[in-house]
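A quick write-up on the structure given underneath.
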Amino acid sequence: MAKNSKFGKELRKREFDIDENIAFCNTAARACVPRKLLEKQHDIVRERERDNHIWAMKRGPVLVWESTEALADFIGANVDNLTLVENATTGTNTVIKGQRYSPGEKILLSNHSYSAVINQAKITVQDNPGTELVFFDVPFPIRSKEDILTAFKGALERHKQIKLTVIDHIASPSCVLFPIKELTEMCHQYGVIVVIDGAHATGHIELSVEEYGADYYVGNLCKWLMVPQSAGYLWVHPKHQARLQPLLTSHGCFDPRFRTRFYPTLNRDLVSQVLVKDALKFYEDLGGLKAIISRNNKLVTSAAAMLSEALGIKQLEVSADCRAPMAVALYLPRKLEEAYSGLGRNELMYDLHMKGVSVRAIFKEGLALLRISCHVWNDWEDFEKVRDKLLELSEEVRGPLRKTPGYYFVPRPEMGRVVQNGSIENGSMGNGKVENGSIVNGFH
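Residue numbers (the working numbering): 7 to 450.
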C-alpha cells in the first residue's frame, strides 16, 4: 500500500498517545483522542477550576452552545433541533422511555440492533404491560438495499400497532449501512415513530440529518470524531420537542425551550462537549471528512481482502450500497469460533489484545464475526499484525476453551484474588500478573 505521511504511523507518533505495541483497529468501539485535544481538555479544566461557579453559569454554556452550532453544520442539522448529551445510549434511552405506550403497541428492532438498545426496549415493554418487543431479521446475503427494504416492510406488515422503531444508520456488529431515508418514509406510511441510531455514523459518513425525515436521530462523538468520552447528541424533530423530557429531571424541566430543557445539570463535566469544535478542526486539518473517508476506505477494503485470503475467511455478504466505508465485518476463523463460542467475544478480544491487537469480535444471532476498523492513525502494518496474530492464536487453541466467569475487563471476585505480590490466586488467568492495574501474560 502507498504511504501518505498525513496519515498512519507518522501521524500516530505526532498526534496520538496510542501504545506503539498495539495495532488499534477498533475505532467502531471507541476512538483514540488526538494529543492536542487532550491538552486542550486539561487547559479547559484548569480554566474552569480558577472560578468554577462563574464558569458553570456563564463560560461553560457559551462554549457548549458554540460546539452545538459547529456540530449542527457538520451533520446537516438545524441547531434549534439539536442538543448535546452524554452518548448515543443516553439519546435512545431518552426517546424510547419518553413515549406514551398503550396496550397492544409494539417496539420494532432488528436482530442486529445494539444490545443496549435492545435492553432499553425490553425494560420499556416490561414497564408498560400489554406492549411487545418484536424484531425483523437482516437478510444475508444483502444483494442491494432493496433486500433490506423488503425485509423491513414484511415486518411492518406482520406486526400491527408498531409504535416506534429504532433503525441503525450503521449496524454495530455487521457494519451494514441502512437506507434510512427510504426506511423512514416507509415507516411513516404505517404511522411508526422513527429513531435513527447513528452511534457509528458521525465522522464515518457524511450526514444530512434534517433531510432524513426521521423523528429522532442520536449519535456519538467519541468514536469516529475522536472527542473524549461522554460526548454525543440528540436531534429531535420540532413536532416532538414540546413533550420530550431529559432522563434526569432538574431545574430546566418546565422550560418551553427544547435546548434549555436539555442543558446538562451544572455539576456535569462538560469539557468533552466543549471539545467538539476542536475535533472538527482536527478533521479539517487532515483534509476534511471526504479525504479521510477516501483514504480509510481504500485501506480497510484492501486489508479485508488480505485477511480473507490469508485466513481463509469470507467477508459478510453486503452489497456496496449497504457497506460502511471505514469498517468491515468478516466471518471469524472457524477454529477461533469453535474455541471461543462458549466463552464469548470478550475473552477472545482479550487474548488478541494480549498479543497486541485490538479488534472487535461478535457472536450474535448465529453469526461469529470479526470487525476491523480503519482510522487516520492506522497503516498497512497494523492489519498485517492483525493477520499474523489471528493466525498465531488459531494455531494455539485446541478445541473449545473452558468457560471463565465474567467479562475480562470487569474485576470480579470469582475471577481470582490479587495478592500482595501481584499474582493471581484461585483464578482463571493462568500465570497472569497484575502490573499497573492490568493482567498481563495470562491465559485461559
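All residues carry an ideal CB built from backbone N, CA and C; glycine is no exception.
Which residues DSSP lists as bridging residue i, in chain order
i	result
G238	V91, N226
D203	D174, V224
L336	Q321, L376
F141	L115
T33	In DSSP, T33 forms no bridge with anything.
R329	V182
T208	I211
I148	V324
Extent of the continuous beta strand (DSSP E) run through residue i
i	result
I173	168-174
A367	366-370
Limits of the unbroken alpha helix (DSSP H) element including residue i
i	result
I378	Taken as a continuous stretch (DSSP letters only), I378 belongs to no alpha helix (DSSP H), being part of the beta strand (DSSP E) at 373-379.
Q251	Q251 -> no alpha helix (DSSP H), and no H or E assigned at all.
C193	186-195
P67	66-81
K12	Here K12 belongs to no alpha helix (DSSP H), and DSSP marks it neither H nor E.
T156	151-164
F264	264-267
N384	First-last for N384: undefined, no H or E at that position.
M232	Where M232 is concerned, there is no enclosing alpha helix (DSSP H), given that its DSSP letter is neither H nor E.
Q47	41-56
K361	From DSSP, K361 is part of no alpha helix (DSSP H); its letter is neither H nor E.
Q105	Element bounds for Q105: n/a, residue is neither H nor E.
V123	121-133
F288	282-291
For residue i, the nearest candidate out of the options (CA to CA)
i	options	result
A157	L17, S178, L139, F184	F184
I173	V182, Q167, K166	V182
P468	L342, D357, T89, V363	Absent from the model: residue 468. The displayed extent of the chain is 7 to 450, so no value can be given.
G348	I199, G14, F369, W383	F369
G14	L322, D385, K103, M232	D385
I154	H175, Q167, S256	H175
V91	K229, P179, W241, E21	W241
D394	L170, E315, A83, G82	E315
D25	D388, E401, S400	D388
V144	I168, K159, T137, N226	K159
I378	E290, E390, G372	E390
L399	S256, M360, Q47	M360
H3	D133, H257, V198, N125	Nothing in the structure corresponds to residue 3, since the chain is present only between 7 and 450.
Q235	V215, V131, V280	V280
K151	A326, H381, T307	A326
V319	N303, N302, L375, E344	The residue you asked about is not Val; residue 319 is Ile in the sequence shown. Selected option, being the one with the closest Cα: L375.
I102	A367, W383, I168, S256	I168
R263	L139, R301, D86	D86
Cβ-Cβ separation, residue j to residue i (assumed contact under 8 Å), whole Å
i	j	result
V365	C31	5 Å
G362	I113	Contact doesn't hold; Cβ gap of about 41 Å is too wide.
F268	M232	At roughly 24 Å, the Cβ-Cβ gap does not stay under 8 Å, so F268 and M232 are not in contact.
F80	S116	No, F80 and S116 are not in contact; Cβ-Cβ is about 27 Å, not under 8 Å.
L338	V403	Actually they are not in contact, since the Cβ atoms of L338 and V403 sit about 12 Å apart, beyond 8 Å.
L77	V282	5 Å
Y223	S178	Not quite, the Cβ-Cβ distance comes to about 16 Å (not below 8 Å), so this is no contact.
L322	L305	About 18 Å; that fails the 8 Å criterion.
T137	E163	Actually they are not in contact, since the Cβ atoms of T137 and E163 sit about 19 Å apart, beyond 8 Å.
L317	L397	7 Å
N23	R52	Correcting the residue type first, residue 23 is Asp in the shown sequence and not Asn. So it is not a contact: roughly 19 Å between Cβ atoms.
N93	C259	The pair is not a contact, with the Cβ atoms about 21 Å apart (cut-off 8 Å).
L170	Q105	6 Å
V324	I148	5 Å
C455	A309	This structure gives no information on residue 455, because the portion of the chain shown stretches from 7 to 450.
Heavy atom of the ligand ZN within 7 Å of residue i beta-carbon
i	result
W386	In terms of ligand content, the structure shown is empty, and the ligand ZN therefore cannot be addressed.
(message) Can you confirm whether the region 261-280 touches the region 351-358 when touching is taken to mean that 3 or more C-beta pairs between the two stretches lie within less than 8 Å?
(response) no
(request) Take every Cβ of the region 245-264, pair it with every Cβ of the region 71-85, and state whether three or more of those distances are shorter than 8 Å. (result) no
(message) Under 8 Å: do the region 320-337 and the region 209-222 share three or more Cβ pairs, one atom per stretch?
(response) yes
(request) Evaluate the contact criterion for the region 197-207 versus the region 92-101: three or more CB pairs, one atom per stretch, below 8 Å. (result) yes
(message) Contact between the region 213-220 and the region 55-70 is defined here as three or more beta-carbon pairs at a separation below 8 Å; is this criterion met?
(response) no
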